[in-house]
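These protein sequence lines map, in sequence, to chains A and B. With the working numbering applied, the first sequence covers 704 to 1202. With the working numbering applied, the second sequence covers 28 to 181. Just so it is clear, CB atoms sit at the ideal spot from N, CA and C, and this is done for glycine as well. Below is one structure, written out as structure tokens, with a few remarks after it.
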Amino acid sequence: MEIFSNIALGMETAVSPFNLFYCLIGCLVGTLVGVLPGIGPTATIALLLPLTYQLDPIGALIMLAGIYYGAQYGGSTTSILVKLPGQPESVVTAIDGYEMAKQGRGGIALATSAYGSFFAGTAGTLLIAFFAPILTEFALQIRPADNFSLMLLALVVSIAVAHGSIVKAGGMLLLGALIGTVGTDVNEGMHRYTFGIMNLYDGVDIVVLVMGLFGVAETIRALETHMSGKIAVEKITSLMPTKKDIRDMANPIVRGTGIGAVLGLLPGGGALLASFASYALEKRVSKTPEQFGKGAIAGVAGPESANNAAAQTSFIPMLTLGIPANVVMAMMMSVMIMRGITPGPSVIAEQPALVWALVASMWIGNAMLLALNLPLIGMWVKIVRIPYELMYPAILILCVIGVYSLNNSVFDLYVMIVAGALGYLALRLGCELAPFVLGMLLGPLLEVNMQRALLLSRGDPLVFFQRPMSLVCLIMAVLILVANVLPSVRRTRDEVMIE
Amino acid sequence: MKRWLLSDDTLSGAAFTVVGLAGGFLATGYRLGTLQRMGPGFFPIIVCVGLVAVGLFLIARSIVSGTGEPVGIALRPFLVVLAGLVVFVMLVEPLGLLISTFLLVLVSAGAAYEPYRWRRSVILAAVLSISCIILFGLLLGQQLPIFGPWLGRG
Chain A
704 MEIFSNIALG
714 METAVSPFNL
724 FYCLIGCLVG
734 TLVGVLPGIG
744 PTATIALLLP
754 LTYQLDPIGA
764 LIMLAGIYYG
774 AQYGGSTTSI
784 LVKLPGQPES
794 VVTAIDGYEM
804 AKQGRGGIAL
814 ATSAYGSFFA
824 GTAGTLLIAF
834 FAPILTEFAL
844 QIRPADNFSL
854 MLLALVVSIA
864 VAHGSIVKAG
874 GMLLLGALIG
884 TVGTDVNEGM
894 HRYTFGIMNL
904 YDGVDIVVLV
914 MGLFGVAETI
924 RALETHMSGK
934 IAVEKITSLM
944 PTKKDIRDMA
954 NPIVRGTGIG
964 AVLGLLPGGG
974 ALLASFASYA
984 LEKRVSKTPE
994 QFGKGAIAGV
1004 AGPESANNAA
1014 AQTSFIPMLT
1024 LGIPANVVMA
1034 MMMSVMIMRG
1044 ITPGPSVIAE
1054 QPALVWALVA
1064 SMWIGNAMLL
1074 ALNLPLIGMW
1084 VKIVRIPYEL
1094 MYPAILILCV
1104 IGVYSLNNSV
1114 FDLYVMIVAG
1124 ALGYLALRLG
1134 CELAPFVLGM
1144 LLGPLLEVNM
1154 QRALLLSRGD
1164 PLVFFQRPMS
1174 LVCLIMAVLI
1184 LVANVLPSVR
1194 RTRDEVMIE
Chain B
28 MKRWLLSDDT
38 LSGAAFTVVG
48 LAGGFLATGY
58 RLGTLQRMGP
68 GFFPIIVCVG
78 LVAVGLFLIA
88 RSIVSGTGEP
98 VGIALRPFLV
108 VLAGLVVFVM
118 LVEPLGLLIS
128 TFLLVLVSAG
138 AAYEPYRWRR
148 SVILAAVLSI
158 SCIILFGLLL
168 GQQLPIFGPW
178 LGRG
């Protein structure tokens, strides 16, 4: 069986003492930063990127994956204990999780989230090991026209799942695509939008922008609300779920994992959608729907498993097709590109050890989280209690040092400040930042594939409709757009988002 | 003042439109090419047309339906945080990591304290800048000098 030999190869690399150590550090530091209220996984990864600069590519990716899971887990912890979800994915968890915490069952909610995430993580890892080779075969047959339509679909999905106005998300996406064109054009060497500034000839560094947008801008926004004052943390008594709790959580965990695994594959970001869909489903199939919103354990188990499974399977489009499903994947992808590895079908063939070690370390990371985080919960609670006013200057330091150490460039620091300022204004205008980042990363790829497809078809734009896969992607993209503009669908979407 | 004029929809729409127009104008200076051989101006033009369309739609929707929300900006954290960062960036090469991180914290601490609290801010700045030196300067081998050339060291 190929899948087992792949996993074995990955395990061999991943369990080397150094890589295990990187995975452990990643999980710990990721959770540490992730539990800070107001910092989501994206900002966590951006802030902790400097830690990985000196590692070899495998070690760096393993540590980043650990940081990602840690940050996700940390985000769930804050949303359960203080109802301050650090990321949209754990907004749903906060509903019933915080209610459970108020009833003194916070420990059980955390344990539920940990078990659910572990189960989902295990299933997700197996799915990746199973599907990645198949998808790679398939991906090798993808032509530029298909690639173009696939990326377009990814972008459409990413604006459809953005919360807030879809039109504004579309605007942000186009803005990102425009910024993505800054620099030297690949075909003709023309300088676009560089204004004669040398530092812009290679384009704007996406990591610098992400630090500005998710580090600086989000900090300013957080300062509006957590200006001062203590954060009240609910007490934790028992961590051990009763037999009844386990019965109540088992099915939601399995269903959540299923939903998450499927939606995570969606290019454009399924984790958020998965957590909402799972919550809605659990409420519908539950025998006691009136319990939801009042501390139903299924309301924690389902969405937590769903978003973790989706987080896991969202690696698949990134690794096999080179299409990042969300901003975190965009960051991972840019780290790989920085190291001279271009994600896509050829990576799995050329660097099997790297890919499978990453997959294996995902599972190891999940196991570490389960083993470490429940015993360490007391420590996380102490960190949650640190007032934000003592915290944010440290975040700013991490931002400036992280950006500077990227290219040793002061210019990058100015870019980060400008991105932070404009990012905050965009947030105040109700514009989400994630579509911007995806547009910026996918814009140039979209352009290249469009050029290639049209060159191959001798300028015939019908090529996008003649290849079956391209056609299917375009039809899906149009359907999703139309569906979101229809008033009735939009109302349900808004309701789900508000709920 | 009309209510729609300063709503988030109108302002974001105006921003998208202006960027789209400016970007599109600049892109006319790049070769457009043909469908078969797209020039460097082709893609930016498409993107900018899209931006202008989105921008105008937002403005129109705001005027017609008036659903835009008023925009509130927390000026104090916004300006103070940015000021702290600018101070750091201007001073980090001449003065080195230690003093510039100290000043970054000292200035940006003003975002949370109103009125400003000197004692707390100085202590916080000292603690954070020293731990930053230990973590990044000594442990992770950060490239920035701890003391910059203005302080007599290279």
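(Q) With a threshold of 8 Å between beta carbons, is ASP849 (chain A) in contact with chain B? (A) It does not; no Cβ of chain B falls within 8 Å.
Q: Would you mind sorting TYR1107 (chain A) into buried or exposed? The rule is 16 or more other CB atoms within 10 Å of its CB.
A: Classification of TYR1107 (chain A): buried, given that the 10 Å Cβ count is 16 or more.
Q) Is SER92 (chain B) close to chain A, meaning its C-beta is less than 8 Å from at least one C-beta of that chain? A) Residue contact with chain A for SER92 (chain B): absent (no Cβ-Cβ distance below 8 Å to any residue of chain A).
Q | Closer than 8 Å to chain A by CB, PHE193 (chain B) | A | Past the boundaries of the shown model lies residue 193 (chain B); chain B is included only from 28 to 181, so the question cannot be answered.
**Q.** Euclidean distance between Cα positions of MET1071 (chain A) and LEU727 (chain A)
**A.** Distance between the alpha carbons of MET1071 (chain A) and LEU727 (chain A): 7 Å.
Q: Enumerate in chain order the residues of its own chain whose CB-to-CB distance from THR1045 (chain A) is below 8 Å, with the five nearest sequence positions on each side excluded.
A: The beta carbon of THR1045 (chain A) is closer than 8 Å to those of GLY1025, MET1039 in its chain, skipping five residues each way along the sequence.
(Q) Among A:ILE748, A:PRO791, A:ALA826, whose alpha-carbon lies nearest the alpha-carbon of MET1065 (chain A)? (A) That would be A:ALA826, whose Cα lies nearest to the Cα of MET1065 (chain A).
Q) Mind pulling the alpha helix (DSSP H) runs of 4 or more residues that sit fully within the region 1068 to 1156 of chain A? A) If only complete runs of 4 or more residues are kept, the region 1068 to 1156 of chain A shows the alpha helix (DSSP H) at 1080 to 1088, 1091 to 1110, 1113 to 1131, in order along the chain.
Q. Any C-beta of chain B sitting closer than 8 Å to the C-beta of ARG1161 (chain A)?
A. It does; some Cβ of chain B falls within 8 Å.
Q: Give a yes or no on whether the minimum CB-CB distance between GLU985 (chain A) and chain B is below 8 Å.
A: With respect to chain B, the C-beta atom of GLU985 (chain A) has no partner C-beta closer than 8 Å.
Q. Rounded to a whole number of angstroms, what is the C-alpha to C-alpha distance between LEU1136 (chain A) and TYR1095 (chain A)?
A. Their Cα atoms are separated by approximately 20 Å.
Q | VAL1007 (chain A): first and last residue of the uninterrupted alpha helix (DSSP H) it sits in | A | A small fix is needed here, since residue 1007 (chain A) is Glu in this sequence, not Val. First-last of the alpha helix (DSSP H) with GLU1007 (chain A): 1001 to 1016.
Q | Beta-ladder partner(s) of SER34 (chain B), from DSSP | A | Bridge partners of SER34 (chain B): B:PRO97.
Q. Rounded to a whole number of angstroms, what is the C-alpha to C-alpha distance between SER989 (chain A) and MET803 (chain A)?
A. Each residue's Cα considered, the two are about 17 Å apart.
Q. In chain A, which residues lie with their C-beta within 9 Å of the C-beta of ARG146 (chain B)?
A. Taking the beta carbon of ARG146 (chain B) as reference, no residue of chain A falls within 9 Å; the closest one sits roughly 14 Å away.
Q) When we look at the beta-carbon of TYR904 (chain A) and count the other beta-carbons within 10 Å, is it buried (16 or more) or exposed? A) The C-beta of TYR904 (chain A) has fewer than 16 other C-beta atoms within 10 Å across all chains shown, which makes the residue exposed.
Q) Is there at least one Cβ from chain B nearer than 8 Å to THR945 (chain A)'s Cβ? A) Chain B has no Cβ within less than 8 Å of the Cβ of THR945 (chain A).
Q. Assuming GLY963 (chain A) contacts SER981 (chain A) under a Cβ cut-off of 8 Å, what Cβ separation, rounded to an integer in Å, is found between them?
A. With 8 Å as the limit, GLY963 (chain A) and SER981 (chain A) qualify as a contact, their Cβ atoms being about 7 Å apart.
Q: Give the range of the alpha helix (DSSP H) segment to which TYR771 (chain A) is assigned.
A: TYR771 (chain A) -> alpha helix (DSSP H) spans 760 to 784.
Q: State the CB to CB distance for the pair THR781 (chain A) and VAL738 (chain A), rounded to an integer number of angstroms; the pair is presumed to be in contact (CB under 8 Å).
A: Contact flag correct, Cβ pair sits at about 5 Å.
(Q) Taking a contact to mean a Cβ-Cβ separation below 8 Å, would you say GLY175 (chain B) touches PRO97 (chain B) in this structure? (A) Their beta carbons are not under 8 Å apart, which means GLY175 (chain B) does not touch PRO97 (chain B) by this criterion.
Q: Note down, in chain order, every chain B residue with its Cβ under 8 Å from the Cβ of ARG1131 (chain A).
A: Chain-ordered, the chain B residues with CB closer than 8 Å to the CB of ARG1131 (chain A) read ASP35, VAL98, GLY99, ILE100.
Q. On the three-state DSSP scale, how would you describe GLY737 (chain A)?
A. GLY737 (chain A): helix per DSSP, three-state reduction.
(Q) Within 8 Å of any Cβ in chain A, is that where the Cβ of VAL45 (chain B) sits? (A) No, its Cβ sits nowhere closer than 8 Å to a Cβ of chain A.
Q. If you run the structure through DSSP and keep just helix, strand and coil, what is MET1172 (chain A)?
A. Helix, per DSSP.
(Q) At 4 residues or longer, what runs of the alpha helix (DSSP H) sit wholly inside the region 970 to 996 of chain A? (A) Segments of the alpha helix (DSSP H) lying fully in the region 970 to 996 of chain A: 974 to 988.
Q: With 9 Å as the limit, tell me which residues of the region 1004 to 1027 of chain A have their beta carbon closer than that to any beta carbon of chain B; keep them in chain order.
A: Residues of the region 1004 to 1027 of chain A that bring their beta carbon within less than 9 Å of a beta carbon in chain B are absent altogether.
(Q) I need the DSSP call for ARG58 (chain B), collapsed to helix, strand or coil. (A) In the structure shown, ARG58 (chain B) sits in coil (DSSP, three-state: anything other than H, G, I, E or B).
**Q.** chain B contacts from the region 1131 to 1150 of chain A (Cβ-Cβ distance under 8 Å)
**A.** Identification of residues in the region 1131 to 1150 of chain A having a C-beta nearer than 8 Å to some C-beta of chain B yields ARG1131, LEU1132, GLY1133, CYS1134, GLY1146, LEU1149, GLU1150, given in sequence order.
Q: Say whether the region 836 to 845 of chain A touches the region 1132 to 1149 of chain A, bearing in mind that this needs 3 or more beta-carbon pairs closer than 8 Å, one atom from each stretch.
A: Result no; under three Cβ-Cβ pairs closer than 8 Å.
Q: Quick one: residues in its chain with C-beta nearer than 7 Å to the C-beta of LEU767 (chain A), no 5 flanking neighbours on either side, listed in chain order?
A: For LEU767 (chain A), where only same-chain residues beyond five positions count, the Cβ hits under 7 Å are GLY729, ILE748, THR755, MET1035, VAL1038.
**Q.** C-alpha gap between ILE919 (chain A) and CYS1102 (chain A), whole angstroms
**A.** Before going on, a small fix: residue 919 (chain A) reads as Val here, not Ile. Here the alpha carbon of VAL919 (chain A) sits roughly 7 Å from the alpha carbon of CYS1102 (chain A).
Q.
Going by C-alpha to C-alpha distance, which of A:VAL1151, A:LEU758, A:LEU1182, A:ASN1011 sits closest to VAL889 (chain A)?
A. Per the C-alpha coordinates, the member of A:VAL1151, A:LEU758, A:LEU1182, A:ASN1011 positioned closest to VAL889 (chain A) is A:VAL1151.
Q.
By the 7 Å beta-carbon criterion, what residues does the region 855 to 877 of chain A contribute toward chain B?
A. Against chain B - using a Cβ distance shorter than 7 Å - the residues of the region 855 to 877 of chain A are VAL870, LYS871, GLY873, GLY874, LEU877.
Q | CA-to-CA distance, ALA41 (chain B) to ALA774 (chain A), given in whole angstroms | A | Put simply, the backbone Cα of ALA774 (chain A) is about 36 Å away from that of ALA41 (chain B).
Q | Terminal residues of the alpha helix (DSSP H) in which ASP905 (chain A) lies | A | ASP905 (chain A) -> no alpha helix (DSSP H), and no H or E assigned at all.
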